[in-house]
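The structure appears right after this line, and notes come after that.
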Amino acid sequence: MSQSAAVTNDLPEVIEEASFLRDTMRGFRKNRMAMVGLVFVCLLVFLAIFAPIISPHDPYRVALDEQLLPASTTYWLGTDNFGRDVLTRILYGARISLVVGTVPSLISLLIGTFMGILSGYMGGKTDFVIMRLADTMIAFPSLLLAMVVMYTLGANLFNIFIALALVGWAGVARVVRSQTLALKEKEFIEAARANGTSRVRIMFSHIFPNVTPTLIVLFSLSIPEAIMWESSLSFLGVGVQPPEASWGLLVAKGKEYLFQAPLVAIMPGVAILMTVLAFNFIGDGLRDALDPSMKD
1 MSQSAAVTND
11 LPEVIEEASF
21 LRDTMRGFRK
31 NRMAMVGLVF
41 VCLLVFLAIF
51 APIISPHDPY
61 RVALDEQLLP
71 ASTTYWLGTD
81 NFGRDVLTRI
91 LYGARISLVV
101 GTVPSLISLL
111 IGTFMGILSG
121 YMGGKTDFVI
131 MRLADTMIAF
141 PSLLLAMVVM
151 YTLGANLFNI
161 FIALALVGWA
171 GVARVVRSQT
181 LALKEKEFIE
191 AARANGTSRV
201 RIMFSHIFPN
211 VTPTLIVLFS
221 LSIPEAIMWE
231 SSLSFLGVGV
241 QPPEASWGLL
251 VAKGKEYLFQ
261 APLVAIMPGV
271 AILMTVLAFN
281 FIGDGLRDAL
291 DPSMKD
């Protein structure tokens, strides 16, 4: 009988969560640009995963007798200065861009969420120290700070994760802190505190679920930002190093042959532009779907 009562008590919460997800998905589907962005990202992920099967060319094969060839049935976007297929390099570059967009964004989201909730709920000296640290990080231009980290640690993919996570957490922390300050004055938090619930449990069992919608939007919008940072770092020579196929690196090398073989530089730039736009459309759609004021 007690088990049955427990199940009955849990039903309203389960129904409420299902209703929230259903309403969110309905609101997201109403945004046409968000759906276009989602389709493009799904297609890009598919192409990146199956690039070795889709492309008949080796992205690292050097053929100096096929340098800077124009677009043809053999090489759809032509070849670069080493005779490598540009389309194949772009497909393999999508792997790097998606990984660099996702992993550092997730790391900075986790750090920023923890710092923001801790700062907002604890207040006092804890809040002062964390926010001054966040202000210090925000005061530096993000790209410049990432470049300093890369010059210090060395140019490789793992250090890009560190650099981008380091420059991204402060903005997340400030947003989460502001929401935590508002939430901790709510009646359900006061009730939990009156019942003797520990601070840790309140922060991560009561406050964290209520900031999750904001975190989803922040995550979707931080991915294109990280892709832009990685492309910029690679373009400046402190990101992914040759012979890897990074979009920023492709643009950097291709600009030297812009008039001789424009597709070598233009098409990786188009790939960056479309990917960033697609993720921004998804982020805007999620923001509108998760914002109660935007619902009918």
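Okay, so the sequence shown: first residue is 1 according to UniProt numbering, each after it adds one. Think of the CB as a built atom: it goes at the ideal place given N, C-alpha and C, for glycine as much as any other residue.
So what does residue i bridge to, in DSSP terms?
i, result
"D85", "T79"
Output the distance between the C-alpha atoms of residue i and residue j, rounded to the nearest integer angstrom.
i, j, result
"E244", "E66", "19 Å"
"P268", "T275", "11 Å"
"L69", "L21", "50 Å"
"S119", "L143", "26 Å"
"I111", "M122", "16 Å"
"F259", "A71", "14 Å"
"Y48", "G154", "Note on identity: in this sequence residue 48 is Ala, with Tyr being the wrong assignment. Answer to the nearest angstrom: the Cα atoms are 26 Å apart."
"A226", "V100", "7 Å"
"T73", "L221", "37 Å"
"F40", "W229", "21 Å"
"I189", "V176", "16 Å"
"F82", "I90", "15 Å"
"F140", "P56", "44 Å"
"T102", "I223", "6 Å"
"I160", "N280", "22 Å"
Please report the Cβ distance between residue i and residue j, rounded to the nearest whole angstrom; I am assuming they are in contact, meaning their Cβ atoms lie under 8 Å.
i, j, result
"L98", "V86", "About 19 Å separates the two Cβ atoms, so there is no contact after all."
"A94", "L44", "6 Å"
"V167", "M137", "7 Å"
"residue 304", "A182", "An answer regarding residue 304 cannot be provided, because it is not within the stretch 1 to 296 covered by the chain."
"A34", "Y92", "Contact flag wrong, Cβ pair sits at about 28 Å."
When we look at the beta-carbon of residue i and count the other beta-carbons within 10 Å, is it buried (16 or more) or exposed?
i, result
"S231", "buried"
"M25", "exposed"
"T88", "buried"
"D80", "buried"
"I54", "exposed"
"R29", "exposed"
"L263", "buried"
"N195", "exposed"
"G124", "exposed"
"Y151", "exposed"
"L11", "Note on L11: pLDDT 44, under 50, position unreliable in the model; the coordinate value appears next. With fewer than 16 other Cβ atoms within 10 Å, it is exposed."
"V200", "exposed"
"V211", "buried"
"L64", "exposed"
Given residue i, which residues of its chain have a CB within under 8 Å of its CB, disregarding the five upstream and five downstream residues?
i, result
"residue 299", "Lying before the first or after the last residue shown, residue 299 is absent from the chain, which here runs from 1 to 296."
"V251", "S231, F235, A265, P268, G269, I272"
"V238", "M147, M150, Y151, A155"
"T126", "L118, S119"
Closer than 6 Å by C-beta to residue i: which residues in its own chain qualify, once you throw out the five before and the five after it? Chain order, please.
i, result
"K255", "A265"
Tell me which residues share the same chain as residue i and place their Cβ nearer than 7 Å to its Cβ, disregarding the 5 neighbours each side in the sequence.
i, result
"L38", "I282"
"A278", "G37, F40, V41"
"A192", "I202, H206"
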